[in-house]
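Presented below is the structure to which this report refers.
Protein chains: 2
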Amino acid sequence: MQSFNPPVRTLMGPGPSNVHPRILSAMARPTIGHLDPAFVGMMDEVKEMLKIAFKTENELTMPVSAPGSAGMEACFANLVEPGDKVIVCSNGVFGGRMKENVIRFGGVAVMVEDDWGTAVSADKLEQALNENKDAKIVAFVHAETSTGAMSDAKKLCEIAHKHDCLTIVDAVTSLAGSELRVDEWEIDAIYSGSQKCLSAMPGISPISMGDRAIHKLTNRATPVASWFLDLNLVMGYWGEGAKRTYHHTAPVNTLYGMHESLVMMCEEGVENAWARHQSNHELLRDGLEAMGMNYLVKKEDRLPQLNSVFIPDGVDEAAVRTTLLNDYNLEIGAGLGTLAGQVWRIGLMGHTSRKENITLCLAALKDVL
Amino acid sequence: MQSFNPPVRTLMGPGPSNVHPRILSAMARPTIGHLDPAFVGMMDEVKEMLKIAFKTENELTMPVSAPGSAGMEACFANLVEPGDKVIVCSNGVFGGRMKENVIRFGGVAVMVEDDWGTAVSADKLEQALNENKDAKIVAFVHAETSTGAMSDAKKLCEIAHKHDCLTIVDAVTSLAGSELRVDEWEIDAIYSGSQKCLSAMPGISPISMGDRAIHKLTNRATPVASWFLDLNLVMGYWGEGAKRTYHHTAPVNTLYGMHESLVMMCEEGVENAWARHQSNHELLRDGLEAMGMNYLVKKEDRLPQLNSVFIPDGVDEAAVRTTLLNDYNLEIGAGLGTLAGQVWRIGLMGHTSRKENITLCLAALKDVL
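If you read the sequences in order, they're chains A and B.
Take the first sequence: its letters are residues 0 to 368, numbered as in our numbering.
Take the second sequence: its letters are residues 0 to 368, numbered as in our numbering.
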């Protein structure tokens with residue numbers, strides 16, 4: 000067996016995005032112990048910077064030591080008790096995954112379905128809550144990576160709270176790419192991923208929970224159906240320096256990378272990052288539309304960081320992606336689920352969201368089509 | 000906030016061990032997509048090399064995208080069904096964690112307790128199985144990281160199978176450091192960690208399951224209480240190239256590191272790695288005993304890679320560890336659980352298991368004591 004030397008790609012799929020050389024370098028720094036005081040200090044900084052990213056003062060803001068799917072699971076495993084009714088707003092793949100999570104932790108999922116490519120309907124949520132007075136939780140995806148649609152998280156949380164429900168929000172693709180205000184919008188529990196708009200390497204899931212969520216998880220009647228993700232235990236590990244107790248071994252080098260990506264986010268300013276994602280999206284959109292391509296999602300609901308466009312008639316979409324990958328080292332994403340074969344998903348996330356990548360993508364697509 | 004530049008430590012605790020510069024460099028290679036054909040090829044190589052490490056032909060041999068605790072949870076979540084009786088042999092911290100896992104997945108844990116620092120007693124296991132004819136699974140820790148005791152995995156598996164039980168084996172600290180033969184010893188399900196004797200960075204848990212375990216997990220009456228760790232789904236993601244379906248986003252760069260660590264293991268030969276761990280252990284042991292230190296574990300049950308020695312009378316153990324860390328950049332481990340304050344745990348795992356580290360450790364300890 001030989002060492003693996005990956006090709007150098009421009010990553011314009013649904014994630015991972017391109018990781019900045021500063022972050023890659025950070026990952027290669029010497030490993031230290033996960034209970035080393037130097038490491039504990041770095042962990043505290045990661046938590047502080049994640050609060051800036053999420054725009055929250057939540058003390059329980061931390062990186063789960065596993066990919067975004069595990070962050071989702073951490074929220075559902077801790078907040079859903081057997082028998083709990085959960086309203087799941089679904090407008091793409093990840094709403095469906097939320098449903099799976101509810102069921103596996105013994106909850107009852109009530110689905111509020113919207114078409115793939117549209118935002119979650121506030122009216123339908125209101126109606127579902129009126130019909131399910133015993134609902135405990137409302138869950139929805141802020142930025143659907145499978146379609147490129149953004150939902151109005153603030154409004155959906157308002158409705159949920161009016162009906163005394165906790166909210167669980169998937170921000171895997173929105174964090175650091177689109178406006179997101181956990182405290183102002185009163186989101187109770189939120190999870191994200193490292194490999195999208197933060198442009199760190201995949202494998203970490205930042206989460207944040209407010210007081211209402213913590214109250215629920217610390218007052219459960221039944222134990223969490225996971226030891227690894229039981230936040231009652233994990234909080235002890237990620238708590239303040241002196242009180243830390245051993246839980247698991249943190250992914251030390253991956254957290255070096257996450258730390259560096261957050262330092263870079265602070266240098267840029269998170270609002271500036273949102274604005275950069277938006278203006279680069281407009282640049283890409285103008286180019287794609289000039290080529291006659293159409294977006295799946297209507298203008299006002301579009302995610303700047305994930306552009307789903309219909310595949311032009313008569314085009315062998317897989318062949319195009321293969322040519323882009325092999326001849327241009329350019330990755331764009333295929334459609335997922337019911338959208339497979341219908342759309343491409345072009346990502347402009349984090350460090351990928353730069354003018355030179357847009358120029359390359361448009362020119363390469365023009366060549367190949 | 001500033002970039003984080005960790006101190007350079009010699010890691011002689013219970014893990015993580017020192018990561019070789021080749022592995023650190025591998026981590027810093029450019030991130031590619033987790034569905035990129037180049038990545039899929041690397042994944043296949045990782046699986047092949049893990050089979051060599053585990054000494055198995057099991058097709059279901061793969062890295063779980065999270066730390067060893069999640070590998071443990073993957074085994075219990077998939078193999079324990081509600082109501083299943085599980086005999087848990089406990090001789091340290093990690094046996095207790097196994098019990099937690101059994102309970103959280105709805106099983107009934109029957110504990111077979113041995114003193115911390117001793118091997119698991121085969122006689123006690125036999126007796127427990129005679130008294131619990133309805134037991135379905137036997138779980139034990141091959142190499143107890145909390146004490147430094149090794150148990151006879153081959154014998155324990157023989158006894159379990161005589162009573163028609165599946166076996167779940169914790170090999171977090173033994174893999175690539177001590178003799179381990181999954182197929183020959185007929186281990187049904189096993190999990191390990193990346194950050195011990197493989198000397199990759201923390202964050203990955205290699206697992207392997209044989210036919211009996213797969214039969215159980217594919218014929219469950221109830222769904223696995225985890226979406227992220229449901230091997231029925233994960234197998235589709237880590238399966239052969241053409242059949243792969245999206246499950247989660249793999250920790251791409253961490254897997255580069257794991258791949259490189261496995262290439263290095265293949266270059267050395269896994270039996271040679273076992274022998275190196277043993278001979279370096281003897282070197283350390285002779286030095287520690289010459290200083291008047293005594294081992295917790297009796298000679299025939301000692302792990303070469305984890306040396307638990309009693310703290311000499313009148314010594315402030317925490318102060319010694321702090322001085323070693325601050326003045327020598329040398330990390331050794333504290334006692335865990337009931338052994339806190341009684342022992343130090345000196346690790347000689349993977350890349351840490353080198354003569355120069357032993358020399359440093361002995362000399363530094365002599366200086367400080």
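Positions of the beta carbon are idealized from the N, C-alpha and C atoms, including for glycine.
**Study point:** Where Gln194 of chain B meets chain A, residues with beta-carbon distance less than 7 Å
**Key:** Stepping through the second sequence from its first residue, residue 194 of chain B is reached at position 195. Within chain A, the residues placing a beta-carbon under 7 Å from that of Gln194 of chain B are Thr248, ordered along the chain.
Review point. Which residue spans inside the stretch 326-368 of chain B form an unbroken alpha helix (DSSP H) run of at least 4?
Key: The stretch 326-368 of chain B contains these whole alpha helix (DSSP H) runs: 354-367.
Point to revise | chain A contact residues for Arg28 of chain B, given Cβ-Cβ distances below 7 Å | key: Counted from its first residue, the second sequence places residue 28 of chain B at position 29. Below the 7 Å Cβ cutoff, chain A contributes Asn4, Pro5 as neighbours of Arg28 of chain B, in chain order.
Review point. Does any C-beta atom of chain B lie closer than 7 Å to the C-beta of Met11 of chain A?
Key: In the first sequence, counting from the first residue as 1, residue 11 of chain A sits at position 12. Cβ-Cβ to chain B under 7 Å: no for Met11 of chain A.
Exercise for review: To the nearest angstrom, report how far apart Val342 of chain B and Ile331 of chain B are at their CA atoms.
Suggested key: The count along the second sequence starts at 1 and reaches residue 342 of chain B at position 343. The count along the second sequence starts at 1 and reaches residue 331 of chain B at position 332. Rounded to whole angstroms, Val342 of chain B to Ile331 of chain B spans 11 Å at the Cα level.
Practice item. Could you tell me the distance, in whole angstroms, from the CA atom of Met200 of chain B to the CA atom of Pro303 of chain B? Key: Sequence index remark: in the second sequence, residue 200 of chain B carries index 201 (1-based). Sequence index remark: in the second sequence, residue 303 of chain B carries index 304 (1-based). Answer to the nearest angstrom: the Cα atoms are 21 Å apart.
Exercise for review: Pick helix, strand or coil for Met110 of chain B, following the three-state DSSP scheme.
Suggested key: Taking the first residue of the second sequence as position 1, residue 110 of chain B is located at position 111. Of the three classes helix, strand and coil, the one that applies to Met110 of chain B here is strand, per DSSP.
Point to revise | Straight-line Cα distance separating Asp300 of chain B from Ser307 of chain B | key: What you label residue 307 of chain B is simply residue 308 of the second sequence in a count that begins at 1. What you label residue 300 of chain B is simply residue 301 of the second sequence in a count that begins at 1. Taking the straight line from one Cα to the other gives about 12 Å.
Practice item. Could you tell me which of B:Pro205, B:Lys195, B:Val79 sits nearest to Cys164 of chain B, measuring between CA atoms? Key: Residue 164 of chain B sits at position 165 when you count from the first residue of the second sequence. The candidate whose alpha carbon is nearest that of Cys164 of chain B is B:Val79.
**Study point:** Unbroken beta strand (DSSP E) run spanning Ala138 of chain B, endpoints
**Key:** By 1-based counting over the second sequence, the position of residue 138 of chain B is 139. Unbroken beta strand (DSSP E) run through Ala138 of chain B: 134-140.
Check your understanding: Would you say Ala170 of chain B reaches chain A, if we count a Cβ-Cβ gap shorter than 7 Å as a contact?
Key -> As a position in the second sequence, residue 170 of chain B is number 171, starting the count at 1. It does not: the Cβ of Ala170 of chain B has no partner Cβ on chain A nearer than 7 Å.
Review point. So what's Arg301 of chain A in DSSP terms, helix, strand or just coil?
Key: In the first sequence, counting from the first residue as 1, residue 301 of chain A sits at position 302. Strand at Arg301 of chain A.
Point to revise | Exposure label - Asp43 of chain A; buried when at least 16 CB within 10 Å | key: One-based indexing of the first sequence puts residue 43 of chain A at position 44. Classification of Asp43 of chain A: exposed, given that the 10 Å Cβ count is below 16.
Check your understanding: According to DSSP, is Val269 of chain A helix, strand or coil?
Key -> Sequence index remark: in the first sequence, residue 269 of chain A carries index 270 (1-based). Assignment of Val269 of chain A by DSSP, reduced to helix, strand and coil, places it in the helix class.
Check your understanding: Is the beta carbon of Gly67 of chain B sitting closer than 7 Å to the one on Glu143 of chain B?
Key -> The sequence position of residue 67 of chain B within the second sequence is 68, counting from 1. The sequence position of residue 143 of chain B within the second sequence is 144, counting from 1. With contacts defined by Cβ atoms closer than 7 Å, Gly67 of chain B and Glu143 of chain B do not form a contacting pair.
**Study point:** For Asp151 of chain B and Ala118 of chain B, believed in contact at Cβ under 8 Å, the rounded distance
**Key:** By 1-based counting over the second sequence, the position of residue 118 of chain B is 119. By 1-based counting over the second sequence, the position of residue 151 of chain B is 152. Rounded to whole angstroms, the Cβ separation of Ala118 of chain B and Asp151 of chain B is 7 Å, and the two are in contact under 8 Å.
**Study point:** Runs of alpha helix (DSSP H) lying entirely within the stretch 33-74 of chain B, each at least 4 residues, in chain order
**Key:** Taken in chain order, the complete alpha helix (DSSP H) segments of 4 residues or longer contained in the stretch 33-74 of chain B are 36-53.
Check your understanding: Using 7 Å as the limit for Cβ to Cβ distance, is Asn369 of chain B near chain A?
Key -> Since the first and last residues shown for chain B are 0 and 368, residue 369 of chain B lies out of range.
Practice item. Have a look at Asp182 of chain A and Asp210 of chain A and give me their C-alpha separation to the nearest angstrom. Key: For the purposes of this step, residue 182 of chain A is identified with residue 183 of the first sequence, where counting begins at 1. For the purposes of this step, residue 210 of chain A is identified with residue 211 of the first sequence, where counting begins at 1. If you draw a straight line from the Cα of Asp182 of chain A to the Cα of Asp210 of chain A, it is about 11 Å long.
Exercise for review: Under 8 Å between beta-carbons, which chain A residues line up against Ser307 of chain B? List them in chain order, please.
Suggested key: For this step, residue 307 of chain B is matched to residue 308 along the second sequence. Chain-order list of chain A residues neighbouring Ser307 of chain B: empty, with the shortest C-beta distance near 16 Å, by a criterion of under 8 Å.
Review point. Along the chain, where does the beta strand (DSSP E) that runs through Ser204 of chain B open and close?
Key: The residue given as residue 204 of chain B occupies position 205 in the second sequence. For Ser204 of chain B, the enclosing beta strand (DSSP E) starts and ends at 204-208.
Practice item. For the alpha helix (DSSP H) containing Asp169 of chain B, list its first residue and its last residue. Key: The count along the second sequence starts at 1 and reaches residue 169 of chain B at position 170. According to the DSSP assignment, Asp169 of chain B belongs to no alpha helix (DSSP H) but to the beta strand (DSSP E) extending over 165-169.
Check your understanding: What residues in its chain sit with their C-beta under 7 Å from that of Gln277 of chain A, if we drop five residues either side in the sequence?
Key -> Translated into positions along the first sequence, residue 277 of chain A becomes position 278. Apart from the 5 residues on each side of it in sequence, Gln277 of chain A sits with its Cβ closer than 7 Å to the Cβ of Pro303 in its chain, given in chain order.
Point to revise | CB contact below 7 Å: Thr117 of chain B versus chain A | key: One-based indexing of the second sequence puts residue 117 of chain B at position 118. Answer no: the Cβ-Cβ gap between Thr117 of chain B and chain A never drops below 7 Å.
Point to revise | Under 8 Å by beta carbon: chain B residues contacting Met41 of chain A | key: Your numbering for residue 41 of chain A matches position 42 in the first sequence. Within 8 Å Cβ-Cβ: Phe3, Pro5.
Review point. Using CA coordinates, which residue listed in B:Ala121, B:Met0, B:Asn231 is at the minimum distance from Arg219 of chain B?
Key: Position 220 of the second sequence holds residue 219 of chain B. Taking the Cα of Arg219 of chain B as reference, the smallest distance to any Cα among B:Ala121, B:Met0, B:Asn231 is reached at B:Asn231.
Check your understanding: Three-state secondary structure (DSSP) at Asn252 of chain A?
Key -> Here residue 252 of chain A refers to the residue found at position 253 when the first sequence is read from its first residue. Helix, per DSSP.
Point to revise | Ser307 of chain B in three-state terms, based on DSSP | key: If you number the second sequence from 1, residue 307 of chain B lands on position 308. Ser307 of chain B: strand per DSSP, three-state reduction.
Review point. Would the beta-carbon of Ser193 of chain B fall within 7 Å of that of Ile206 of chain B?
Key: Your numbering for residue 193 of chain B matches position 194 in the second sequence. Your numbering for residue 206 of chain B matches position 207 in the second sequence. Ile206 of chain B sits away from Ser193 of chain B, with the two beta carbons spaced by 7 Å or more.
**Study point:** Beta-carbon spacing of Ser145 of chain A, Leu335 of chain A below 7 Å
**Key:** Taking the first sequence and counting its residues from 1, the one referred to as residue 145 of chain A is at position 146. Taking the first sequence and counting its residues from 1, the one referred to as residue 335 of chain A is at position 336. Their beta carbons are under 7 Å apart, which means Ser145 of chain A touches Leu335 of chain A by this criterion.
Exercise for review: Quick one: grab the DSSP three-state call for Ser260 of chain B.
Suggested key: Position 261 of the second sequence, counted from the first residue, corresponds to residue 260 of chain B. Under the three-state reduction of DSSP output, Ser260 of chain B falls in the helix class.
Exercise for review: Closer than 7 Å by C-beta to Ala108 of chain A: which residues in its own chain qualify, once you throw out the five before and the five after it? Chain order, please.
Suggested key: Working through the first sequence from its first residue, we reach residue 108 of chain A at position 109. Here the set comprises Val85, Val87, Lys98, Val101, Ile102.
**Study point:** Selected residue, minimal CA-CA separation from Gly235 of chain A, among A:Val251, A:Ala224, A:Asn252, A:Thr217
**Key:** In the first sequence, counting from the first residue as 1, residue 235 of chain A sits at position 236. Closest in alpha carbon position to Gly235 of chain A, among A:Val251, A:Ala224, A:Asn252, A:Thr217, is A:Thr217.
Point to revise | Cβ neighbour criterion (16 or more within 10 Å) applied to Val262 of chain A | key: Working through the first sequence from its first residue, we reach residue 262 of chain A at position 263. Classification of Val262 of chain A: buried, given that the 10 Å Cβ count is 16 or more.
Check your understanding: Listing by chain order, which chain A residues have their CB less than 8 Å from the CB of Glu259 of chain B?
Key -> Within the second sequence, numbered from 1, the residue matching residue 259 of chain B stands at position 260. Within 8 Å Cβ-Cβ: Ser2, Phe3.
Point to revise | CB contact below 7 Å: Pro81 of chain A versus chain B | key: Translated into positions along the first sequence, residue 81 of chain A becomes position 82. Output row for Pro81 of chain A: interface = no.
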